[in-house]
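A quick write-up on the structure given underneath.
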Ligand SMILES: [Zn+2]
Ligand SMILES: [Zn+2]
Ligand SMILES: [Zn+2]
Ligand SMILES: [Zn+2]
Ligand SMILES: [Zn+2]
C-alpha cells in the first residue's frame with residue numbers, strides 16, 4: 001500500500017473513533033509519530049483519554065496539534081500571555097515552536113504560569129491557540145543548549161521536511177515473508193573505542209553507535225565500508241547510546257558519506273554530543289591531526305536528530321521499536337531496547353552502564369517487558385576488576401584534599417568534561433557544606449562548566465536524591481558559590497600567578513592536552529600540591545607516565561618542550577568509575593528480568609570480553625560469546 | 001595504477017625477458033590469464049621453458065597466441081591439414097577457435113595426426129599458423145556438448161569482450177590496507193538444497209555455488225538479497241563446485257538479477273549444468289510450477305563461464321586464487337581451494353565429495369599446499385550414517401537382477417541422470433560381460449543417455465581404472481551393445497507393450513515425474529518384476545511412499561489420477577552413494593594434509609551437521625562449528 005493510502009486510511013479510522021462534534025483537519029507522519037491537526041485543540045486537551053485510546057488502537061505515537069490557522073502571531077501571543085500570567089512568575093523566555101504548535105514558556109516560578117489545576121494554561125490556549133509548555137528557567141545558562149535551540153528554530157522548515165520523510169519511511173508497509181534478525185559488529189568488539197553495530201531484518205537496518213577510537217590512528221574508525229552498513233543511505237536509523245566519543249564521535253562522518261536518515265538519542269545526549277564533537281575537531285585542528293569532518297557535518301547531525309526520553313516506546317523502522325532506559329553511566333546515557341517484529345525478538349544493547357548508584361544517577365535498568373539477546377559492555381569484565389566502593393573513593397578524595405589544603409597546597413584533578421567531573425563536584429560541594437574540608441574555591445576549566453550547565457538543564461535525568469535536593473530542598477549543588485568557571489585566559493593566569501589553597505578540575509582527562517597542562521606546569525614543582533587521578537589513564541598518555549613515577553616530565557612549549565620537575569604528591573583514587581565493575585556486570589545479567597537467552601560481550605580489552613563471556617556461561621548457563629569485529633551473527 | 005598502465009608495464013617486462021630475436025605484438029588480459037600475441041608462435045612453441053619462466057616471474061597464467069595476422073583462413077587451412085595428415089586418421093571434425101588461435105582436430109586415431117614426436121603437428125602449424133590440438137572423436141555423440149560448442153562459436157565476439165572485462169577486473173590494483181577474510185552463508189546450512197556462500201575480503205567478493213531447493217517452495221532460493229551478496233554486480237566471481245541442482249540450479253537467476261561476471265567450473269560441470277538447468281525449467285513448465293528463469297538466462301551463463309581443469313591455480317580476483325581438485329562425487333565435481341592474499345588465509349570448500357573409490361572416480365583430494373579453514377558437507381554426518389561397501393552393494397544389485405531375470409521379470413531402477421546411473425551401468429555391463437547375469441538389454445530413459453555421452457566426452461575426468469579400460473584395453477563400458485537409449489515415445493511404447501526380461505534405468509530419481517512413472521504404471525502389477533532403489537528417497541516423494549510399503553499407489557493421469565496396484569517386488573540397495581559416509585567424512589579431515597585449524601559443517605540435516613561438528617571437535621580438537629544460514633563469520 002502506498003504511504004498516501006496508509007495516511008488516508010488512518011485519518012478515516014481516527015475520524016470514526018472521535019466523538020461526532022470533534023473534527024480534524026489533517027494527519028501526517030512526523031518522525032516516529034502521527035500528528036493530528038485540529039482546529040479544536042481544546043476538545044482534545046480536555047479529554048486526555050481520547051488521544052491515549054487512539055494511540056493504543058492504532059499502535060503508534062499520536063500527537064494532537066492546533067491547525068496553524070488557529071495560532072496567533074508570536075508577538076501578539078506574547079502580549080496576551082503577559083496579560084494573563086502574574087508578573088512575579090518572572091518569565092525569562094518564550095520559544096514559539098511552529099513545528100509543533102507549542103509555546104515554551106521559561107519562567108523562574110513555573111507554578112504561577114500553570115495556575116491552580118492548570119487553569120492559567122487553559123486560559124492561555126484559549127487566547128493564543130498555541131499549546132503552552134512551562135519549563136523552569138535553567139539555573140546555569142548553557143551556551144550549547146542555547147545555540148542548539150537557536151539553530152533548530154532557524155532551520156524549522158528543513159527540519160519539518162526531514163521529519164516528514166523519516167516518518168513516511170518508518171510507516172511504510174512491510175513486504176518480506178522472511179523473519180530473520182541479524183547483528184553485525186563494525187567496531188568496539190574486543191577493544192574499547194569505535195563502538196558500532198548494525199541490527200538488520202529483511203525490512204530494515206539500524207546502526208547502534210558510531211564511535212571513534214581516539215587512541216589509535218590505524219584502527220580509528222569502525223568498518224563502515226562493509227556491505228551490511230554501506231551504502232549508508234540504506235540505513236533506516238542510527239541510535240546513539242550516549243555522548244562519549246567512543247560511541248558517537250563519527251556520527252557527523254555518516255552524513256559526509258551519504259547517510260540521510262535520523263539519529264535517535266536522549267535530549268541530553270544530543271547536546272553533549274554536539275559539544276564533544278565540536279571540541280573533537282577543535283582539538284584535532286590544534287594538534288594538526290587528520291580532521292574527519294567539519295562543523296557543517298555536525299549541523300547536519302543536529303538537523304536529523306530526534307530525541308526520545310527514557311521509557312518512550314518508539315517505532316524507528318517498520319518492524320523495530322526502540323525504547324531507551326537509564327544506563328547510569330553519564331547524563332542521558334541509555335540502555336537501548338529493540339523490539340523486533342510482532343514479538344519476533346528483543347535485543348538489549350547496554351552501551352556503557354553503571355549497575356550501581358552514583359551521586360548523579362540511578363543504577364542502570366535491567367527489567368524489560370521481554371529480552372532474548374543482551375549485548376553488554378565488558379570494560380571491567382576481568383575476574384579481578386573489582387573497584388572500591390564509591391563511599392571509600394569519596395572518603396579517600398576528601399582526605400587528600402584536606403591534607404593538601406592544610407599544608408597550603410593546591411589540588412589538581414585532570415578529568416573528562418562529562419561524567420566524573422560532575423561527580424567529583426558534588427562530593428566536594430557536600431564536603432565543603434558539611435565543613436569536612438574548609439571553604440575553598442573549586443575552579444572548573446575547559447568545558448567542564450559548560451558540561452555542568454547541560455547537566456543543570458536536564459534535572460529530570462539526574463537521580464532521585466539529587467532531584468529532591470534541587471527541587472524540594474532548593475539546594476542545587478552545582479550552584480554552590482565555591483565553583484568558579486575559568487572562562488578566560490586572564491582568570492587562569494591569575495590563578496597560576498597567585499597560588500592559593502584550592503581545587504582545580506581541568507581537562508583533558510588523560511593530560512594529553514588542554515588547560516590541565518598549564519596548571520600542571522605551574523604547580524608540579526611545589527611539593528605542597530597534589531595531583532589526583534580519578535579516571536583511567538591509557539597507555540602512552542602523559543597521565544600514565546606520571547602514574548608510573550616519572551620525576552621529570554616533558555611538556556610541549558613554544559620551542560620544542562619544557563622539562564617540568566615533579567615534586568607534587570601524586571594520588572590515584574579508584575572507585576569513581578561510571579562503568580560497572582566486574583561484580584556489577586555479573587549482577588546486571590543475573591538479576592535481569594526476564595532471564596535472557598543469550599549474552600554477547602563487547603567494549604573491553606580482548607581478555608575482559610572473553611573472561612566475562614565465559615564466566616557468564618559457566619555461572620548462568622546462558623549461550624555467551626565474545627563478539628569480534630566484522631561478524632554478522634544471526635539471532636533468529 | 002590504471003589497468004592500461006599495468007598492461008604496458010607487463011608488456012615491457014615480457015619483452016625484457018625474451019631473447020632479442022623473439023618479438024611480441026600485443027598483450028591483453030583474457031579472463032584469468034594474460035594473452036601474449038606473437039607473429040612467431042613457433043619460437044615460443046619450440047621453447048616450452050620460455051612461457052613457464054615468464055608465468056613464474058609475473059605470477060600469472062600466460063598463454064601465447066599467434067597474432068591473427070598469421071592465421072590462414074579456415075577453409076584453406078582445412079585443405080592444407082588434409083594434405084598433411086594420413087587419410088586413415090579419420091578426421092571427424094575441425095573447430096577453429098579464433099578466440100585462442102587454436103584448431104581442434106577431432107580424429108578417430110589421434111596418434112596419426114600428432115605424428116612421431118609431434119612432427120606432423122609442427123608441420124601443420126608451419127603451414128596454417130593455427131595451433132593444432134588433437135582430440136579423440138567422442139565415442140558417443142552428446143547433443144549438449146555439440147550445442148554448447150556451436151553456441152560458443154557463434155558468440156565469439158561477445159565472449160571475447162566478456163573475457164577482456166573479466167580479465168581487467170581480476171588484475172586491478174588492490175587498494176585496501178585492511179586484511180580481513182569473511183564467509184557468509186546464504187543457503188545450504190543445516191539443510192540440503194540451495195547451497196550458497198559468499199567469500200569476501202576488503203578487495204573482493206566471490207560466491208560459491210548457487211543452488212535451488214527443489215523439495216521446498218518456501219525455502220527454495222538462497223538469501224541472495226542480503227547485502228553481503230546484493231547488488232550482485234558487486235560480486236567478482238561465482239564458483240560452482242558441481243552440476244547438481246542444489247549447487248547450481250539458480251545460477252541463471254544471478255544474471256536475471258544483475259550479475260555480469262564470470263562463472264568458474266570444470267568443463268564437464270559446465271556441460272552437465274546446462275543440461276540440468278534446461279531440464280529443470282522444462283519440468284517446472286510441465287508441472288505448471290513457478291519457473292524462476294528462461295533459457296535466455298541459461299545462455300548468459302554459458303557466455304560467462306570460464307572452465308578450469310583440476311589443479312590449475314587461477315587468479316579469480318585481485319587477492320584470491322582458486323584451484324579445483326577432484327571431489328569424487330560426480331563427473332567434474334570439485335573441491336575448491338581458495339588462497340587469499342599473499343598467504344593470508346586458505347579455505348577449502350568441499351562441495352559434495354566421496355572420500356573413497358567408486359567405479360567412476362578417484363577418491364576426493366585432501367592434500368593441499370596450505371589450508372586453515374575447511375567447510376565440509378555433512379550429508380551422512382550422523383554417527384550412525386555408515387553405508388555398506390560398494391562391493392556389497394554391487395553384489396546385492398547383481399543378485400536382485402539375476403533373480404528377477406530368472407523368473408522372466410523386469411528390473412526397474414529410478415535414478416538421477418547424473419551420477420548413480422553411470423555407476424549402475426558399469427556394474428551391469430561388467431556383470432553381463434562376465435556372465436554373472438544373462439545377456440539382457442539395459443534401457444536408459446530420460447536424459448541418462450545424454451548424461452552418459454557427456455561422461456564419454458571427458459574420459460580424463462574418470463578414474464585411472466576406467467581410463468585404462470577404455471584407452472589401453474579398448475573396452476569402453478558405456479559402448480556396450482546392451483545399453484539402449486530410449487530416444488522416442490515409440491520405443492518406450494514398444495518396451496511397455498512387449499514386456500521382456502530387461503533392466504530399465506529411468507528418471508526421475510525419486511519417482512516424482514518423468515518416464516519412470518510410465519514404466520512403473522505398466523510393470524507394478526506383475527509380481528515377477530522388481531523395483532530397485534539405489535538412491536536416497538526424500539520425505540514426501542512417491543519413492544518414499546513405495547518404500548514405506550503402500551499397496552495402492554495413485555499416479556497422475558489425464559483425468560485426475562489412476563490407482564496402480566503394487567505387486568512387484570521392492571528392494572533398497574544402499575552403498576551406491578556419491579557422498580562420503582560418516583567414516584569417510586571423519587577420515588577426510590583426519591588425514592588432511594596439512595592439518596587445518598578450523599572446520600565448519602554444512603549440507604546436511606541439522607542433526608547431521610551438529611553431530612559431525614561436535615565429533616570432529618572431540619576427536620581432533622579443532623575449532624568446529626555447524627554454520628547456520630545468514631551468518632557472516634570472520635576467518636582472519
Ligand atoms: Zn562511555
Ligand atoms: Zn564507551
Ligand atoms: Zn551433489
Ligand atoms: Zn549437494
Ligand atoms: Zn589447492
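Residue numbers (the UniProt record's numbering), protein chains in the order written: chain L, 1 to 636; chain U, 1 to 636.
From the three backbone atoms N, C-alpha and C, an ideal C-beta is built for every residue, glycine too.
Query	Result
Per-residue DSSP class, three states only, for residue 465 (chain U)	helix
Inter-stretch contact at 8 Å, needing at least 3 Cβ pairs: the stretch 439 to 453 of chain U / the stretch 504 to 515 of chain U	yes
Length of the line joining the Cα atoms of residue 373 (chain L) and residue 200 (chain U)	27 Å
Within 7 Å, strictly: CB atoms of residue 337 (chain L) and residue 354 (chain L)	no
Nearest-angstrom Cα separation, counted from residue 431 (chain U) out to residue 437 (chain U)	6 Å
Unbroken alpha helix (DSSP H) run spanning residue 107 (chain L), endpoints	That residue, residue 107 (chain L), is in no alpha helix (DSSP H); its beta strand (DSSP E) goes 102 to 107.
Unbroken stretches of the alpha helix (DSSP H), 4 residues or longer, contained in the UniProt domain "Beta-Casp" (421 to 546) of chain L	448 to 457, 464 to 471, 489 to 497 and 516 to 523
Bounding residues of the alpha helix (DSSP H) (the contiguous stretch that carries residue 395 (chain L))	390 to 406
Whole-number beta carbon distance between residue 301 (chain U) and residue 255 (chain U), since they are thought to touch under 8 Å	7 Å
Interface partners of residue 180 (chain U) on chain L, CB under 7 Å	630
Residues, ordered as in the chain, of the stretch 228 to 260 of chain U that lie near chain L by beta-carbon distance below 7 Å	228
Residue 309 (chain U) Cβ short of 6 Å to ligand 4 heavy atom set	no
Distance cut-off 6 Å: residue 352 (chain U) Cβ against heavy atoms of ligand 2	no
Sufficient close CB pairs (3 or more, under 8 Å) joining the stretch 202 to 214 of chain U to the stretch 222 to 240 of chain U	yes
Beta-carbon proximity of residue 31 (chain U) to residue 166 (chain U), cut-off 7 Å	yes
According to DSSP, residues forming a beta bridge with residue 349 (chain L)	L:336 and L:375
Residue closest to residue 427 (chain U), alpha-carbon to alpha-carbon, out of U:500, U:64 and U:401	U:401
Chain L contact residues for residue 208 (chain U), given Cβ-Cβ distances below 7 Å	Residues of chain L passing the Cβ test: none, with the nearest at roughly 17 Å.
CB contact check: residue 194 (chain L) to chain U, cutoff 7 Å	no
Contact list for the UniProt region "Metallo-beta-lactamase C-terminus" (578 to 636) of chain U against chain L, Cβ threshold 8 Å	628, 629, 630, 631, 632, 633 and 634
Residue 455 (chain L) Cβ short of 6 Å to ligand 1 heavy atom set	no
For residue 159 (chain U) and residue 14 (chain U), the rounded distance between their alpha carbons	26 Å
Alpha helix (DSSP H) segment containing residue 17 (chain U), residue limits	3 to 17
Beta-carbon proximity check, residue 351 (chain L) vs residue 611 (chain L), cutoff 7 Å	no
Residue from U:273, U:232 and U:262 with nearest C-alpha to residue 248 (chain U)	U:273
Range of the contiguous beta strand (DSSP E) that encloses residue 325 (chain U)	320 to 326
Under the three-state DSSP convention, the category residue 197 (chain U) falls into	strand
Runs of alpha helix (DSSP H) lying entirely within the stretch 265 to 319 of chain U, each at least 4 residues, in chain order	267 to 286 and 295 to 304
Three CB pairs or more closer than 8 Å across the stretch 317 to 327 of chain L and the stretch 214 to 229 of chain L	no
Where residue 23 (chain L) falls, given that 16 or more other Cβ within 10 Å makes a residue buried	exposed
Range of the contiguous alpha helix (DSSP H) that encloses residue 252 (chain U)	251 to 256
Residue 246 (chain L) Cβ short of 6 Å to ligand 2 heavy atom set	yes
Identified DSSP bridge partners for residue 207 (chain U)	U:198 and U:238
Whether residue 636 (chain U) touches residue 180 (chain U) by CB criterion (7 Å)	yes
Reduced DSSP category for residue 166 (chain L) - H, G, I as helix; E, B as strand; rest coil	helix
Backbone CA spacing between residue 99 (chain U) and residue 422 (chain U) [nearest angstrom]	34 Å
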